[in-house]
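*Asks:*
Number of protein chains: 2
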Amino acid sequence: MTHVDQPNQPRMRADARRNRERIISAARDVFEAAGNDAQMDDVAAAAGVGVGTVYRHFPNKDALIGELVRQKFEHISRFLAEAKAEGGDPGEALLRSLTRSAEQMELDMATQHVMSQPSPAVWAVCAGCVQEVQDRSGELIAGGIASGTLRPDMQVSDIRLIMGGIASTMADPSLRPSWRRHLELALDSLRAR
Amino acid sequence: MTHVDQPNQPRMRADARRNRERIISAARDVFEAAGNDAQMDDVAAAAGVGVGTVYRHFPNKDALIGELVRQKFEHISRFLAEAKAEGGDPGEALLRSLTRSAEQMELDMATQHVMSQPSPAVWAVCAGCVQEVQDRSGELIAGGIASGTLRPDMQVSDIRLIMGGIASTMADPSLRPSWRRHLELALDSLRAR
DNA sequence: TGACAAACGGAACTCTACCTCCATATCGTG
DNA sequence: CACGATATGGAGGTAGAGTTCCGTTTGTCA
């Protein structure tokens, strides 16, 4: 019943694949502008397809939102991997990747809006990616504590608190311009004293 | 047209005043349980009144939410005043009042849910209280910087960032138990190094 | 190119939640 | 106590948003 283009699964028709991408891209635009209560009809219109087509690719609104969130976690996971590959102190690498994740958030506000009130159905779509992010950051944290860059009591779960906070700042139009300041404060709180 | 019990305004009937309090109290319960999409009918039921009565006291949903938010800012403002009155270092007083505000948030999660997606109409109800909070905290910040307790570049606007972050942690059921940890991190980021 | 399956479009259905309306009940005062 | 003003209750109007359905179009493969 899933419409995702998986290996060892009948390949989607060319137009279907094209439309799927258009819908995801349109969803980003529309959710960015209207937040969580953007409408499926608007997504369809922005993608230049009918509503029926949107529902052919995503069984319901949560599934569409879930796909956006999933791609976001893929990004974060990649930033962690890149920062680590660049070498240097693991703690600094972690803080660098958090900065990049925040910069990515700014470009993809759609997902932030959507994540500020996530439904269980949304999380279900991307449990795997979340786990990967946690594993990768755990490794960097351990290294950063050992080298004295990060506060000795730092935990993996701190990241979610911090980044959730940044997200909430970005989600509020009046606070959004201050997000770098918020990040500065947050990163300072993770550094060893 | 307002139904608030103001001085120099015809006094509300006794039953009306009683119901108004019941409605506000019920709204807190219902919004706490169901978040932003709690329904007016549920509020009415919880208050033991008809929907019509709710609408007699608050012209629409935003007005009801606005009243909750307004009362929340009154609390915060009082915490600031109390912390200051207790004396000691102004910076410590500020951090103490932030802790109390967070503790108050936990008791009144309704407002947090509601503030995570505030509509302009809601903010309009309580512009005055916000200003008062800003003035009072500005004073404590200046003192705390002077005494070397707070980071030298701290600004009034930092508080909104920090507390918004804590609120977003509390609003997410899976993160909520960690709110004290988040507060600890946040307060550390405000202290001078 | 012809035929079949896959994909599409969008009108219409349905469900939900805010809000209105007005007949009835209650309060407060002379 | 009686009477006018105020307040109440809750059924139903209304509007908006998610989803379905099916006749039509388009891609793919032999």
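Top to bottom, those sequences are chains A and B.
So the first sequence is numbered by this note's numbering: it starts at 387 and just counts up by one.
So the second sequence is numbered by this note's numbering: it starts at 387 and just counts up by one.
Note that beta-carbon positions come from the ideal geometry of N, C-alpha and C, so glycine has one too.
Every value quoted in this text rests on a predicted model; they were computed, and no experiment measured them.
1. In the DSSP assignment, the alpha helix (DSSP H) including A/Pro506 goes from what residue to what residue?
2. Please classify A/Gln392: does DSSP put it in a helix, a strand, or coil?
3. Only counting the same chain, and skipping five residues up and downstream in sequence, which positions put a Cβ closer than 7 Å to that of B/Leu569?
4. Look up A/Leu450 in the DSSP assignment and say whether it is helix, strand or coil.
5. Where do the N-terminal and C-terminal ends of the alpha helix (DSSP H) with B/Asn405 fall, by residue?
6. Can you tell me the Cα-Cα spacing of B/Arg579 and A/Arg577, whole angstroms?
7. If you run the structure through DSSP and keep just helix, strand and coil, what is B/Leu536?
8. Between which residues of its own chain and A/Ala467 is the CB-CB distance below 8 Å, once the five residues before and five after are set aside?
9. Compare the C-alpha of A/Gly402 against each of A/Asp428, A/Phe417, A/Gly452 and A/Ala433 and name the closest.
10. Are any of the Cβ atoms in chain A nearer than 7 Å to that of B/Asp574?
11. Tell me which residues of the stretch 542–555 of chain A have at least one Cβ-Cβ distance to chain B shorter than 9 Å, keeping chain order.
12. Residues of chain A with a CB under 7 Å from the CB of B/Gln505: which are they?
13. Using C-beta distances below 7 Å, list every residue in its chain close to B/Ala572, excluding the 5 sequence neighbours before and after it, in chain order.
14. Compare the C-alpha of B/Met495 against each of B/Asn405, B/Trp565, B/Ala400 and B/Gly530 and name the closest.
15. Give me the Cα-Cα distance between B/Val508 and A/Lys458, rounded to the nearest whole angstrom.
16. Name the chain A residues whose beta carbon is nearer than 9 Å to that of B/Asp494?
17. Taking the alpha-carbon of A/Tyr441 as reference, which of A/Asp423, A/Ile462, A/Ala413 and A/Arg464 has the nearest alpha-carbon?
*Replies:* To lay it out plainly:
1. Pro506 to Val511
2. With a pLDDT of only 45 at A/Gln392, under 50, the local geometry of the prediction cannot be trusted, and the value read off the model is given with reservation. Looking at A/Gln392 - three-state DSSP - the assignment turns out to be coil, as it is neither helix nor strand.
3. Thr485, Ala488 and Ile552
4. helix
5. Ala400 to Ala420
6. 11 Å
7. strand
8. Arg522
9. Per the sequence shown, residue 402 of chain A should be read as Ala rather than Gly. Comparing Cα positions, the closest option is A/Ala433.
10. yes
11. Ser543, Asp544, Arg546, Leu547, Ile548, Gly550, Gly551, Ile552, Ala553, Ser554 and Thr555
12. Just to set this straight, residue 505 of chain B is Ser in the shown sequence, not Gln. Residues of chain A passing the Cβ test: none, with the nearest at roughly 11 Å.
13. Ile548, Gly551 and Ile552
14. B/Trp565
15. 31 Å
16. Within chain A, no residue comes near B/Asp494; the closest Cβ sits about 18 Å away, beyond 9 Å.
17. A/Ala413
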